[in-house]
Amino acid sequence: MVREQIDPSDFTRIPWFREVIKTLPEEIRVCGEHGEVVHIEESDFSSNPGSSAPFGEAHWVGCSKEAIHRVKLAVNKTLKEIDRAKQTYQLELARRLEPNHHGAIVAIELGTNDYFVGDDELDASEKARDAGHEGTLFFLRVGSPYSHRLMTPRR
Amino acid sequence: MRMNGHFKDEEPAISLDVGPREIEFLVDTGFTGGLMIPEVLANDLDLTYVGAGEFQSATGQPIPVSTYSMEINWLGRRMRIPVVTSTEVREPLLGGDALRDCCLTIDYALRTVLIAGSSR
Numbered sequence: 001m002v003r004e005q006i007d008p009s010d011f012t013r014i015p016w017f018r019e020v021i022k023t024l025p026e027e028i029r030v031c032g033e034h035g036e037v038v039h040i041e042e043s044d045f046s047s048n049p050g051s052s053a054p055f056g057e058a059h060w061v062g063c064s065k066e067a068i069h070r071v072k073l074a075v076n077k078t079l080k081e082i083d084r085a086k087q088t089y090q091l092e093l094a095r096r097l098e099p100n101h102h103g104a105i106v107a108i109e110l111g112t113n114d115y116f117v118g119d120d121e122l123d124a125s126e127k128a129r130d131a132g133h134e135g136t137l138f139f140l141r142v143g144s145p146y147s148h149r150l151m152t153p154r155r
Numbered sequence: 001m002r003m004n005g006h007f008k009d010e011e012p013a014i015s016l017d018v019g020p021r022e023i024e025f026l027v028d029t030g031f032t033g034g035l036m037i038p039e040v041l042a043n044d045l046d047l048t049y050v051g052a053g054e055f056q057s058a059t060g061q062p063i064p065v066s067t068y069s070m071e072i073n074w075l076g077r078r079m080r081i082p083v084v085t086s087t088e089v090r091e092p093l094l095g096g097d098a099l100r101d102c103c104l105t106i107d108y109a110l111r112t113v114l115i116a117g118s119s120r
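Read top to bottom, the protein sequences are chains A and B. The numbering used here numbers the first residue of the first sequence as 1 and each following residue consecutively. The numbering used here numbers the first residue of the second sequence as 1 and each following residue consecutively.
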């Protein structure tokens with residue numbers, strides 16, 4: 001297997017990398033030649049260097065450099081689209097939606113930034129699909145930079 | 001219709017039929033979503049991907065999540081609800097969105113948990 005080091009400045013983004021990898025088409029995240037899924041492995045848990053992560057090293061792991069490169073490109077593209085969706089909410093949608101839809105869920109289609117408001121994620125996504133939008137959706141709660149809060153500290 | 005929960009250690013919990021098996025969820029009104037399932041427990045469930053989102057943790061850290069739809073038995077009805085999974089959580093949680101049209105009664109003295117339809 002080929003291993004490609006992840007820069008420590010990207011350690012806090014690893015949870016996002018993993019979430020996005022799951023959503024990629026099989027022909028991107030799985031090597032067509034060897035059938036291995038490109039994934040991320042953390043190591044060096046004993047020598048936490050004091051960063052924001054409980055590990056000292058992390059690597060992209062795949063059966064070839066090309067397979068890793070293909071997944072990294074797709075992940076970065078999706079993360080940029082998510083950043084743009086967040087920006088669209090802050091710059092345009094917040095003032096449009098917050099007066100009348102505070103607390104509702106808004107589904108923003110990545111790429112087009114078209115949006116649909118619903119009572120929850122299923123309601124908002126059904127409205128998007130009914131309107132013919134088939135792209136990946138990113139959810140936010142109107143009036144919040146997040147979709148939900150988890151206020152009880154968990155182990 | 002009503003559903004009885006129980007206490008798991010010192011916290012209210014309820015077991016829900018999620019298809020291939022039951023999962024025990026902690027009842028956590030500090031969580032504003034519906035159901036949250038650690039990814040390691042979600043692999044064999046019949047989930048339909050809906051989209052991505054981001055939660056705010058108790059410490060203020062963002063937690064990326066994937067949102068799915070899933071059918072469960074809820075107060076005597078089979079219904080489809082949003083479920084999020086994440087590699088960053090360890091326990092299944094049932095939050096405020098799942099209880100939106102319900103009355104939740106937790107009796108700490110008797111150690112009973114009851115979810116019922118609201119009388120409104």
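Cβ atoms here follow ideal geometry from the backbone N, Cα and C, with glycine treated the same way. As the structure is a prediction and not an experimental result, all values here were calculated from the model.
Item: Distance, Tyr68(B) Cα to Arg78(B) Cα; Value: 16 Å
Item: Close beta carbons around Ala104(A), own chain, < 6 Å, minus the five adjacent residues each side; Value: Val117 and Val142
Item: Any chain B beta carbon closer than 9 Å to Ala104(A); Value: no
Item: Close Cβ partners of Phe55(A) (< 8 Å) along its chain, the five nearest in sequence each way excluded; Value: Phe11, Glu42, Ser43, Asp44, Phe45 and Asn48
Item: Euclidean distance between Cα positions of Ser57(B) and Ala131(A); Value: 33 Å
Item: Same chain, Cβ closer than 8 Å to Arg2(B), neighbours up to 5 away in sequence not counted; Value: Leu75, Leu114, Ile115, Ala116 and Gly117
Item: Phe31(B) - DSSP class collapsed to helix/strand/coil; Value: strand
Item: Within the segment 91–145 of chain A, ranges of the alpha helix (DSSP H) (whole runs, at least 4 residues); Value: 94–101 and 121–130
Item: Status (buried if at least 16 other CB within 10 Å, exposed otherwise) for Leu110(B); Value: exposed
Item: Arg149(A) and Thr85(B) closer than 9 Å at C-beta; Value: no
Item: Residue closest to Ile108(A), alpha-carbon to alpha-carbon, out of Asn43(B), Asn4(B), Val18(B) and Gly51(B); Value: Gly51(B)
Item: Selected residue, minimal CA-CA separation from Ala128(A), among Ser147(A), Val106(A), Leu140(A) and Ser144(A); Value: Val106(A)
Item: Same chain, Cβ closer than 7 Å to Val18(B), five either side skipped, listed in chain order; Value: Leu45, Met70 and Ile72
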